Amino acid sequence: MVKRAMMITAVTAILILVAQMASAYTITTGSSFGPYQSGQGGEFTLQADNALQSILSGYISGTTADIKQQNPLSSETQQGTFQSFCLEKDEYLYTGATYAVTISNSANGGGKNTNSGDPISLGTAYLYSNFAKGTLSGYNYSYESQRETSAAALQHAIWYLENEETYADAGGTSNIFLNAVISQFGSLENADDDSNGAYGIKVANLWVPGHEGDLAYARQDQLVATPIPAAAWLLASGLVGLIAVRRRNVN
């Protein structure tokens, strides 16, 4: 019974993963990138289409989701938005635009120091997971100007963890979010391992619509929280490996 349950869980995870990777969702930007965006990275307020909304998980409405896409801050809510951070310093997106979205474990073009796909790190996944849940220690979720400051520090921590900038550029020992990563993983080096879907954090790969998969039309990738826990990803991966072994034995 246990093996059967594990098999069902793994098959379900695989079906969801395949659907996520194959589907092209859409994200729309507003007239600005949101009330907590300084223009040099930070929180992006992104409008997800209904299909993408159905796979988002872990966000807190009014804190990290359903925030009005305008600057300055509005008390009105906007259903279906979520707060994200970019992964690459040398790719861009624009206001008032709609982008096709695919979901993966990696930044599609690799970013500043990598020309191929760049898997997100454990440290990035850990920080963004806690941010999305509204539980990131030291992050000021309450006031616009202070939140912009927190967002900038978190953005620099993410860029450092994704090899987009130096430790000094990220603020070094004064960056509380890098210090949080060290406390969690023991060192920044340990946090550099590929996340492989850990904490349910994935990459929303953005593309010019109709050109999904063509790096000439890639746009700045964003972080996204999904409902699939790392255990399910690992179980699904293990099942795929087991199937491959069995096929080799049969052949």
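Those letters in the sequence shown? Residues -24 to -1, 1 to 227, per mature numbering (1 follows the signal peptide of the UniProt record, and there is no 0), in order. All residues carry an ideal CB built from backbone N, CA and C; glycine is no exception. Every value quoted in this text rests on a predicted model; they were computed, and no experiment measured them.
Original post:
Alpha carbon to alpha carbon, what distance is there between SER50 and ASP42?
Top reply: The straight-line gap separating the alpha-carbon atoms of ASP42 and SER50 is approximately 11 Å.
Subject >> Anticipated Cβ contact below 8 Å, SER171 with ALA101, distance rounded >> reply: SER171 to ALA101, Cβ: 4 Å. Contact.
Subject >> Straight-line gap, THR71 to TYR119 (C-alpha atoms, nearest Å) >> reply: THR71 and TYR119 have their C-alpha atoms roughly 23 Å apart.
**OP:** Classify HIS187 as buried or exposed, calling it buried when 16 or more other Cβ atoms lie within 10 Å of its own Cβ.
**Re:** When all chains shown are included, HIS187 counts as exposed.
**OP:** On the DSSP bridge assignment, give the partners of PHE20 in chain order.
**Re:** According to DSSP, which records beta bridges pairwise, PHE20 is partnered with SER60.
Original post:
Where does GLY200 fall in DSSP's three states?
Top reply: Per the sequence shown, the amino acid found at residue 200 is Val instead of Gly. DSSP places VAL200 within a strand segment (E or B) once states are collapsed to three.
Original post:
How close, in whole Å, do the beta carbons of LEU199 and ILE3 come, if the pair is a contact with beta carbons under 8 Å?
Top reply: Contact flag wrong, Cβ pair sits at about 12 Å.
Original post:
When the Cα of ILE152 is compared with those of PRO185, ASN26, SER113, which residue comes out closest?
Top reply: Distances from the CA of ILE152 to each of PRO185, ASN26, SER113 were compared; the closest alpha carbon is that of SER113.
Original post:
When the Cα of SER163 is compared with those of PHE20, ALA24, GLN55, LEU98, which residue comes out closest?
Top reply: Per the Cα distances, LEU98.
Original post:
What are the residues that DSSP puts in a beta bridge with PRO185?
Top reply: In the DSSP output, where bridge partners are listed per residue, PRO185 has none listed.
Subject >> The beta strand (DSSP E) enclosing TYR75, as first and last residue numbers >> reply: Annotation: the continuous beta strand (DSSP E) that includes TYR75 extends over 74 to 80.
**OP:** May I ask you to list the residues that DSSP assigns as paired with THR2?
**Re:** Per DSSP, the beta-bridge partners of THR2 are ALA76.
**OP:** Using a threshold of 9 Å, state whether the C-beta atoms of THR202 and LYS178 are closer than that.
**Re:** Against a cut-off of 9 Å, the Cβ pair of LYS178 and THR202 comes out as a contact.
Original post:
Sorted by chain position, which residues of the same chain lie with C-beta nearer than 8 Å to LEU191's C-beta, five sequence neighbours on each side aside?
Top reply: Hits under 8 Å: ASN84, GLY85.
Subject >> THR71 - DSSP class collapsed to helix/strand/coil >> reply: Looking at THR71 - three-state DSSP - the assignment turns out to be coil, as it is neither helix nor strand.
Subject >> Straight-line gap, ILE79 to ASN116 (C-alpha atoms, nearest Å) >> reply: The C-alpha of ASN116 is placed about 28 Å away from the C-alpha of ILE79.
**OP:** Answer yes or no: do GLU64 and GLU140 have a C-beta to C-beta separation smaller than 9 Å?
**Re:** For GLU64 and GLU140, yes; Cβs fall inside 9 Å.
Original post:
Whose C-alpha, out of TYR75, ASP169, PHE58, GLY10, is nearest the C-alpha of residue 311?
Top reply: This structure cannot speak to residue 311, because the chain is shown only from -24 to 227.
Original post:
Just the Cα atoms here: how many angstroms apart are ILE96 and PRO48?
Top reply: Distance between the alpha carbons of ILE96 and PRO48 is about 31 Å.
Original post:
Going straight from the alpha carbon of ARG223 to that of SER150, what length do you get?
Top reply: At ARG223 the pLDDT is 37, less than 50, meaning the model places this residue with poor confidence; the figure from the coordinates comes in the next sentence. Their backbone Cα atoms lie some 53 Å apart in a straight line.
Original post:
Which word fits SER82, buried or exposed, when buried means at least 16 other C-beta atoms lie within 10 angstroms of its C-beta?
Top reply: Around the Cβ of SER82, a 10 Å sphere holds 16 or more other Cβ atoms; the residue is buried.
Subject >> From GLN16, THR5, ILE31, GLY15, residue whose alpha carbon lies closest to that of GLY176 >> reply: GLY176 has its Cα closest to that of ILE31, out of GLN16, THR5, ILE31, GLY15.
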